[in-house]
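Notes follow the structure.
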Amino acid sequence: MRHHVHELIAPVPGTARQIHSFHFGPEQAEGKIYIQSSLHADELPGMLVAWHLKARLAELAAAGRLRSEIVLVPIANPVGLEQVLMDIPLGRYELESGQNFNRLFIDLSEEVGNHVEDLLGADPRRNVALIRTALAAALAAQTADTQLHSQRLVLQRLACNADMVLDLHCDFEAVAHLYTTPEAWPQVEPLARYIGSQANLLATDSGGQSFDECFTLVWWQLQQRFGERFPIPMGSFSVTVELRGQGDVNHGLASLDCQAIINYLIRFGAIAGDAAPLPDLPSPATPLAGVEPVATPVGGLLVFSALPGEYLEAGQLIAEIIDPISDRVTPVHCRKAGLLYARSLRRMATAGMVIAHVAGTEAYRSGYLLSP
Numbered sequence: 079m080r081h082h083v084h085e086l087i088a089p090v091p092g093t094a095r096q097i098h099s100f101h102f103g104p105e106q107a108e109g110k111i112y113i114q115s116s117l118h119a120d121e122l123p124g125m126l127v128a129w130h131l132k133a134r135l136a137e138l139a140a141a142g143r144l145r146s147e148i149v150l151v152p153i154a155n156p157v158g159l160e161q162v163l164m165d166i167p168l169g170r171y172e173l174e175s176g177q178n179f180n181r182l183f184i185d186l187s188e189e190v191g192n193h194v195e196d197l198l199g200a201d202p203r204r205n206v207a208l209i210r211t212a213l214a215a216a217l218a219a220q221t222a223d224t225q226l227h228s229q230r231l232v233l234q235r236l237a238c239n240a241d242m243v244l245d246l247h248c249d250f251e252a253v254a255h256l257y258t259t260p261e262a263w264p265q266v267e268p269l270a271r272y273i274g275s276q277a278n279l280l281a282t283d284s285g286g287q288s289f290d291e292c293f294t295l296v297w298w299q300l301q302q303r304f305g306e307r308f309p310i311p312m313g314s315f316s317v318t319v320e321l322r323g324q325g326d327v328n329h330g331l332a333s334l335d336c337q338a339i340i341n342y343l344i345r346f347g348a349i350a351g352d353a354a355p356l357p358d359l360p361s362p363a364t365p366l367a368g369v370e371p372v373a374t375p376v377g378g379l380l381v382f383s384a385l386p387g388e389y390l391e392a393g394q395l396i397a398e399i400i401d402p403i404s405d406r407v408t409p410v411h412c413r414k415a416g417l418l419y420a421r422s423l424r425r426m427a428t429a430g431m432v433i434a435h436v437a438g439t440e441a442y443r444s445g446y447l448l449s450p
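Numbering-wise, this note's numbering comes out as the position in the sequence shown, counting from 1, plus 78.
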């Protein structure tokens with residue numbers, strides 16, 4: 079194991095933070111896997127999974143079973159991890175800028191495309207190598223001017239040449255689910271089976287330039303630009319894995335999730351060994367554009383009547399909003415049929431608040447598809 083330390087810009091003197099990456103397997107291996115956790119710093123199930131993974135990967139490396147380099151970043155967001163206000167962790171948004179930690183990663187597709195346009199040829203493997211080199215160089219040339227910008231740059235530089243990027247998150251109260259692209263789904267489906275993912279949500283571009291999409295979009299956009307002239311494979315695919323809810327931090331689940339990821343990496347070929355049998359797929363993939371964000375029109379006490387993991391019919395009751403002053407009870411129903419895969423932790427709703435997400439089978443939304 080090789081332990082690297084990456085310094086972030088200090089916003090004021092004496093407040094320096096670092097990102098730690100742990101590198102396993104052959105340093106010059108042909109393949110590379112990148113895994114990080116807790117980019118939203120108040121989402122901690124993935125951090126415990128990463129801790130389990132660190133021990134397992136060290137054992138596998140010692141046994142000579144790692145075929146690819148595997149890079150693990152257990153704490154992807156030291157900035158947000160320290161944001162605790164009066165005993166309440168605030169790890170989703172940076173307090174200084176208000177920006178979501180998992181949005182606005184740098185899009186270098188045009189710059190990389192301009193650089194490689196006169197170098198691409200008929201050999202797809204050579205084209206992949208050219209693009210990876212150009213992307214790494216473009217990221218290396220970037221200069222950060224804020225701590226948040228430097229954090230984003232460190233993470234992008236670590237993952238930009240990986241074949242696979244796994245970004246471990248969780249929701250508020252939720253079943254296991256994941257986000258990836260339609261193009262990557264055939265490669266990702268075994269992970270969904272091993273992890274027991276009950277909602278598998280697909281979008282090529284969800285609109286937020288999130289961490290996972292900042293890699294896949296480079297390759298997709300280059301395919302759109304040059305695909306008729308040059309063979310350009312998807313040189314990277316990414317998955318955001320949502321490990322249930324914020325309260326699901328325990329060794330039992332973390333051990334199971336760790337083993338699921340190891341099983342997947344064996345099947346992928348990054349780890350030598352016999353792949354475990356594939357479990358049944360809990361739910362087929364559906365479009366992210368088919369997800370209904372269910373909002374309440376009024377504020378009040380939020381009393382749910384449906385649990386994460388329940389399949390709901392169109393028009394089914396999800397919750398009641400109770401006004402204890404007027405005694406008014408406002409029912410909130412879903413409009414579309416689908417799987418209720420995540421709901422809010424809060425129990426005092428505000429007017430217009432999204433209280434749950436239901437994964438439907440038919441796309442009906444467009445544009446920006448993510449939560450803020």
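Backbone N, C-alpha and C fix where the C-beta goes; we use that ideal spot for every residue, glycine too.
A quick note: this is a predicted structure, and the numbers were derived from the prediction, not measured.
A check of alpha carbon separations from Ala353 across Ile339, His101, Val151, Glu147 identifies Ile339 as the nearest.
Assignment of Val253 by DSSP, reduced to helix, strand and coil, places it in the coil class.
Beta-bridge partners assigned by DSSP to Asn278: Leu256, Ala363. The beta carbons of Arg145 and Gly109 sit closer together than 8 Å.
Leu213 places its beta carbon 8 Å or farther from that of Val232.
Within 10 angstroms of the beta-carbon of Tyr442 lie fewer than 16 other beta-carbons, which makes it exposed.
Pro156 and Asn328 have their C-alpha atoms spaced approximately 21 Å apart. When DSSP assignments are scanned along the region 148 to 211, the uninterrupted stretches of alpha helix (DSSP H) that are 4 or more residues long and fall wholly within it turn out to be 156 to 159, 187 to 194.
Under the criterion of beta carbons closer than 8 Å, Gly169 and Leu159 qualify as touching, at roughly 6 Å.
Annotation: the continuous alpha helix (DSSP H) that includes Phe346 extends over 329 to 346. If you look at Pro123, you'll find it in the alpha helix (DSSP H) that goes 123 to 140. Less than 8 Å divides the Cβ of Thr318 from the Cβ of His247. Nearest Cα to Gly377 within the set Met426, Ala363, Gly351, Ser361: Met426. Inclusion of Pro123 and Leu256 in the CB contact set at 8 Å is not warranted, their separation being larger than that value. The three-state reading of DSSP puts Tyr389 in strand, counting E and B together. For the pair Leu131 and Thr211, the Cα-to-Cα distance works out to about 29 Å. Cβ contact annotation for Arg303 (same chain, cutoff 7 Å, sequence separation greater than five): Gly191, in chain order.
The continuous alpha helix (DSSP H) containing Ala270 extends over residues 263 to 273. Rounded to whole angstroms, Ala420 and Gly323 show a C-alpha spacing of 8 Å. The Cβ-Cβ distance between Leu226 and Ser288 does not fall below 8 Å.
Only residues of its own chain outside the window of five on either side were considered, and among them Leu256, Asn278, Leu359 have a CB closer than 7 Å to the CB of Ala270, listed in chain order.
Here Gly416 is buried, its C-beta having at least 16 other C-beta atoms within 10 Å. Per DSSP, reduced to three states, the secondary structure at Ser422 is coil, with no helix or strand assignment.
In the DSSP assignment, Val372 falls within the beta strand (DSSP E) that extends over 369 to 373.
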